[in-house]
Amino acid sequence: MDFLISWWEFAASRVDQIQSGLAEHAIYVVTVLSIASIVAISLGILTRRNPLARELSLAVTSVFLTIPSLALFTIFIPFVGLGFAPSFIALFLYSLLPILRNTIAGLDGIDASVLEAAKGMGLTPGQVLARVQLPLAWPVIIAGIRVSSMLIVGVAAIATLVAGGGLGDFIKSGLARLPLANSLESIWTGTVLCLLLALVIDIALQVARRATISKGIR
Amino acid sequence: MSEPLIRLENVSKSYPGTDAPAVGNLTLDVYEGEVLVLVGPSGCGKSTTLRLINRLIEPTGGRIYLHGEDVTDMDSSKLRRKIGYVIQQVGLFPHRTIAENIATVPKLLGWDKAKTSARVDELLELVSMDPAIYRDRYPKELSGGQAQRVGVARALAADPEVLLMDEPFGAIDPITRDRLQNEFLRLQQDLKKTIVFVTHDIDEAIKMGNRIAILREGSEIAQIDTPEVILSDPADEFVENFLGSGAILKGLTLKKVRDIELHDIPALEMPVMRDEALKVLENSPEKTAVLLDKNHRPLRWISEASLNRTTQPIEKSGKPITIDLQPEDTLQDALGVMLQSSVGMAVVVDRQGKYLGCCSIESLASLIISDSGGQAKS
Numbered sequence: 018m019d020f021l022i023s024w025w026e027f028a029a030s031r032v033d034q035i036q037s038g039l040a041e042h043a044i045y046v047v048t049v050l051s052i053a054s055i056v057a058i059s060l061g062i063l064t065r066r067n068p069l070a071r072e073l074s075l076a077v078t079s080v081f082l083t084i085p086s087l088a089l090f091t092i093f094i095p096f097v098g099l100g101f102a103p104s105f106i107a108l109f110l111y112s113l114l115p116i117l118r119n120t121i122a123g124l125d126g127i128d129a130s131v132l133e134a135a136k137g138m139g140l141t142p143g144q145v146l147a148r149v150q151l152p153l154a155w156p157v158i159i160a161g162i163r164v165s166s167m168l169i170v171g172v173a174a175i176a177t178l179v180a181g182g183g184l185g186d187f188i189k190s191g192l193a194r195l196p197l198a199n200s201l202e203s204i205w206t207g208t209v210l211c212l213l214l215a216l217v218i219d220i221a222l223q224v225a226r227r228a229t230i231s232k233g234i235r
Numbered sequence: 610m611s612e613p614l615i616r617l618e619n620v621s622k623s624y625p626g627t628d629a630p631a632v633g634n635l636t637l638d639v640y641e642g643e644v645l646v647l648v649g650p651s652g653c654g655k656s657t658t659l660r661l662i663n664r665l666i667e668p669t670g671g672r673i674y675l676h677g678e679d680v681t682d683m684d685s686s687k688l689r690r691k692i693g694y695v696i697q698q699v700g701l702f703p704h705r706t707i708a709e710n711i712a713t714v715p716k717l718l719g720w721d722k723a724k725t726s727a728r729v730d731e732l733l734e735l736v737s738m739d740p741a742i743y744r745d746r747y748p749k750e751l752s753g754g755q756a757q758r759v760g761v762a763r764a765l766a767a768d769p770e771v772l773l774m775d776e777p778f779g780a781i782d783p784i785t786r787d788r789l790q791n792e793f794l795r796l797q798q799d800l801k802k803t804i805v806f807v808t809h810d811i812d813e814a815i816k817m818g819n820r821i822a823i824l825r826e827g828s829e830i831a832q833i834d835t836p837e838v839i840l841s842d843p844a845d846e847f848v849e850n851f852l853g854s855g856a857i858l859k860g861l862t863l864k865k866v867r868d869i870e871l872h873d874i875p876a877l878e879m880p881v882m883r884d885e886a887l888k889v890l891e892n893s894p895e896k897t898a899v900l901l902d903k904n905h906r907p908l909r910w911i912s913e914a915s916l917n918r919t920t921q922p923i924e925k926s927g928k929p930i931t932i933d934l935q936p937e938d939t940l941q942d943a944l945g946v947m948l949q950s951s952v953g954m955a956v957v958v959d960r961q962g963k964y965l966g967c968c969s970i971e972s973l974a975s976l977i978i979s980d981s982g983g984q985a986k987s
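Those protein sequence lines, which keep their order, are chains A and B.
Take 18 as the starting number for the first sequence in this note's numbering and just add one per residue.
Take 610 as the starting number for the second sequence in this note's numbering and just add one per residue.
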């Protein structure tokens, strides 16, 4: 109880910091997710047909996900400096695999007869993609985007180590000052806000999912 | 004969790495308004041949003509919009409503909303589905038979001259299949589309086709002719084997009840007195009569014996008539009804259900005999 009160006092006196940390964190998630989705979906569409390209793209994006996150955030510093850029690149590389894999799985899962009929009626390859394949693969793709979003909200806390800001700032400063006053409060602030942000983004994606998936395939 | 609507000229398709071509040097004419059935054993290349026509498979040799125009090098998507295509698995778009599915090609062709919407309703009615109920449903809510009705409606949407059908009724249960085939034949009587129809089922081929092409390996035509000629005069042993036994029975699907002379079994119209009925029965050669209700609809078979056996009122003696035939039914249907009937005959009624006469096994037999006699002479 005492802790909750002191935590509340801590948070209430730092509304500005909390706001900017939250905003920075949210910007990472939104920009990374949108750009990674475009890239990963395109990559999936382009490489799906060619077994070699497909395996290669899956292997490379898997490697990104296996590299320790701390390393991934730091190896780009020599090229792009500190701050937003190296964090953005690291998060972007992290989020590719789930979206790419689900794009390929979603497109592969479409009933061949539907595509045969689409082609047979005179839809061009581009029309088949836009009007049939992507809408039908969309539920699976958006599930991949959700996985990536959860991943990024957590990992984005590391951005603070390369001066990239975000909610990680609270966790880092708390860690550095342990066991001084307000150090635990700071760590909890960063953690809880990350969880809340994750929850809000997940709800937003759920709503988007509901709104964009046809009733016929729900 | 007139200019063919579709002409395949020395068309071939071979895949790299295989010796025998899937389709080798095929020349085939399809005439306006006919149903040409391609039939043959699995793997003979009949589906490949069909898909060569709308160039879902690009030929490796030969030319394809539509209306005398060479379409071998035309933009294949544009070509396909002019040709309806129906496949066994239907392939409706699950994320689109029934109306949107049917409107696919009109939308590609840029029809306006009002025209498209009116056409969708017209087509749904054409395939016996109520637009008010089905327009806004999704494919997952349809049965297999309904889905294929929508599949046919979708293929007809932009009123193409040509329809390609790849085993359209192959995945549907036998009862529904029979109904869909009959409906389709009725539809074709009005629409007069040029149809190429693929099946592996010779019975379906005989029922649906104006002409049948029997194909062997490599899509080589073993025989192409009307079902009547193929049944009575198979070109070689392969065709004979493919037709299987019972070619005469298969021939029964080609003839309609209206083709045979109806047996004149006397009718008793309700209300009728017992001795009056007995008098009629005595004069009937079969000692049988058909009891009709006030509206001339057949009710029961009445025989002299059954009337004498009981003191029951006349409408309770004899055997009930449960199924009847119409003049448009095939003789195969008629045979089935006769075999089920207790008296070895089947009643024939008109569209309103009014009694026309009876057909019997004898009349069927005499038709078959006169037919085969006629062919022996020619």
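Glycine is no exception: its CB is placed at the ideal position from the N, C-alpha and C atoms.
### Query
With contact counted as at least three CB pairs below 8 Å, one residue from each stretch, are the segment 899-916 of chain B and the segment 926-937 of chain B in contact?
Yes: at least three Cβ pairs fall under 8 Å.
### Task
Within 10 angstroms of the Cβ of Trp155 of chain A, are there 16 or more other Cβ atoms? Answer buried if so, exposed if not.
Looking at its Cβ environment, which holds 16 or more other Cβ atoms inside 10 Å, Trp155 of chain A is buried.
### Task
Spatial neighbours of Arg148 of chain A within its chain, please: CB distance less than 8 Å, with the 5 preceding and 5 following residues excluded, ordered by chain position.
So the qualifying residues of the chain are Ala135 and Leu140.
### Task
With a threshold of 16 other CB atoms inside 10 Å of the CB of Gly161 of chain A, please say whether the residue is buried or exposed.
That one is buried.
### Task
Check the Cβ-Cβ distances between Ala174 of chain A and every residue of chain B, and say whether any is below 8 Å.
No - not a single Cβ of chain B is within 8 Å of the one on Ala174 of chain A.
### Query
Got a sec? Which residues, its chain only, sit under 8 Å from Ser621 of chain B by beta carbon, not counting five neighbours each side?
Only Pro630, Val632, Gly633, Asn634, Leu635, Pro668, Thr669, Gly670 and Gly671 meet the Cβ criterion.
### Under 8 Å from the C-beta of Ile696 of chain B: neighbouring residues of chain A
Chain A residues near Ile696 of chain B: Ser130, Glu133, Ala134 and Gly137.
### Task
Can you have a look at Gln697 of chain B and say buried or exposed, based on whether 16 or more other CB atoms are within 10 angstroms of its CB?
Residue environment for Gln697 of chain B: buried (at least 16 other C-beta atoms within 10 angstroms of its C-beta).
### Message
Which same chain residues end up closer than 6 Å to Gly760 of chain B when comparing Cβ atoms and leaving out the 5 residues on each side of it in sequence?
### Response
Shown here for Gly760 of chain B: same chain residues with a beta carbon closer than 6 Å to its own, the five before and five after excluded, namely Val695 and Val699 in chain order.
### Task
Using the Cα positions of Ile169 of chain A and Leu75 of chain A, report the straight-line distance between them to the nearest angstrom.
Their Cα atoms are separated by approximately 19 Å.
### Query
Expressed to the nearest angstrom, what Euclidean distance is found between the alpha-carbon atoms of Ala228 of chain A and Arg235 of chain A?
Straight-line measurement puts the Cα of Arg235 of chain A at about 11 Å from the Cα of Ala228 of chain A.
### Task
Under 7 Å between beta-carbons, which chain B residues line up against Thr141 of chain A? List them in chain order, please.
Going along chain B in sequence order, the residues near Thr141 of chain A (Cβ under 7 Å) are Ser686.
#### Entry: Option in B:Arg825, B:Ile839 and B:Val957 with minimal Cα separation from Cys653 of chain B
Per the Cα distances, B:Arg825.
### Task
From the DSSP output, in three-state form, read off Ser130 of chain A for me.
Three-state DSSP puts Ser130 of chain A in a helix.
### Task
With a 10 Å radius around its C-beta and 16 neighbouring C-beta atoms as the bar for buried, classify Gln223 of chain A as buried or exposed.
Result: exposed.
### Query
Closest Cβ-Cβ distance between Pro748 of chain B and chain A: below 8 Å?
In terms of beta-carbon proximity, Pro748 of chain B lines the interface with chain A, with at least one pair separated by less than 8 Å.
### Distance, Ser685 of chain B Cα to Leu645 of chain B Cα
C-alpha separation (whole angstroms): 23 Å.
### Under 7 Å from the C-beta of Val152 of chain A: neighbouring residues of chain B
The sequence shown places Pro at residue 152 of chain A, rather than the Val named in the question. Neighbours of Pro152 of chain A in chain B, taken as residues whose beta carbon is under 7 Å from its own, are His704 in chain order.
### Query
Checking contacts by CB at 8 Å: is Lys232 of chain A closer than that to chain B?
It does; some Cβ of chain B falls within 8 Å.
### Task
For the beta strand (DSSP E) holding Ser912 of chain B, just list the boundary residues, first then last.
It spans Pro907 to Ser912 - the beta strand (DSSP E) in which Ser912 of chain B sits, taken as one unbroken run.
### Query
Do you know offhand how far Arg820 of chain B's Cα is from Glu641 of chain B's?
Looking at the two C-alpha atoms, the distance is approximately 12 Å.
### Query
With distances taken from CA atoms, which of A:Ile121, A:Val47, A:Leu146 and A:Asn119 is nearest Val131 of chain A?
When each option's Cα is compared against that of Val131 of chain A, the closest is A:Leu146.
### Task
Compute the beta-carbon to beta-carbon distance between Gly171 of chain A and Gly38 of chain A, rounded to the nearest angstrom, for a pair I have assumed lies under 8 Å.
That pair is no contact at about 15 Å.
### Message
Give me the residue from A:Lys189, A:Thr177 and A:Ser23 with the minimum Cα distance to Tyr45 of chain A.
### Response
Minimum Cα-Cα distance from Tyr45 of chain A among the listed residues A:Lys189, A:Thr177 and A:Ser23 corresponds to A:Thr177.
### Task
Figure out for me which residue from A:Ile92, A:Ile94 and A:Ile121 has the closest Cα to the Cα of Arg65 of chain A.
Closest option to Arg65 of chain A, judged by alpha-carbon separation, among A:Ile92, A:Ile94 and A:Ile121: A:Ile121.
### Task
Check each candidate in B:Ala876, B:Val680 and B:Ala914 and name the one with the smallest Cα separation from Leu900 of chain B.
If we check each option's Cα against that of Leu900 of chain B, B:Ala876 comes out closest.
### Task
State the start and end residues of the unbroken beta strand (DSSP E) segment that holds Val632 of chain B.
Val632 to Val639 is the span of the beta strand (DSSP E), which, as asked, contains Val632 of chain B.
### Query
Using a Cβ-Cβ distance under 8 Å, would Leu751 of chain B count as near chain A?
Output row for Leu751 of chain B: interface = no.
### Task
Quick one: residues in its chain with C-beta nearer than 7 Å to the C-beta of Asp560 of chain B, no 5 flanking neighbours on either side, listed in chain order?
Here chain B comprises residues numbered 610 to 987, so residue 560 of chain B is not present and cannot be evaluated.
### Task
Report the partner residues of Phe806 of chain B according to the DSSP bridge assignment.
Paired residue(s): B:Val646 and B:Met774.
### Same chain, Cβ closer than 8 Å to Gly982 of chain B, five either side skipped, listed in chain order
In this predicted model, Gly982 of chain B has a pLDDT of only 47, less than 50, meaning its place in the structure is not dependable; the value taken from the coordinates is given anyway. Result list for Gly982 of chain B: empty, nothing under 8 Å.
### Task
Note down, in chain order, every chain A residue with its Cβ under 7 Å from the Cβ of Arg689 of chain B.
In chain order, Gly137, Met138 and Gly139 make up the part of chain A whose C-beta sits under 7 Å from the C-beta of Arg689 of chain B.
### Task
Return the residue from the list B:Glu750, B:Arg763, B:Lys816 and B:Lys896 that minimises the CA-CA distance to Gln734 of chain B.
The sequence given here places Glu at residue 734 of chain B; Gln does not occur at that position. Selection B:Glu750, B:Arg763, B:Lys816 and B:Lys896 evaluated against Glu734 of chain B yields B:Arg763 as nearest (Cα-Cα).
### chain B contact for Val217 of chain A (CB, 8 Å cutoff)
Chain B, which has no Cβ nearer than 8 Å to the Cβ of Val217 of chain A, makes this no.
### Task
For Lys816 of chain B, count neighbouring C-beta atoms within 10 Å of its own C-beta (all shown protein chains included) and say buried if the count is 16 or more, exposed if not.
That one is buried.
### Query
Would you say Ile839 of chain B and Ile823 of chain B are within 8 Å of each other, going by their C-beta atoms?
Contact flag set, yes.
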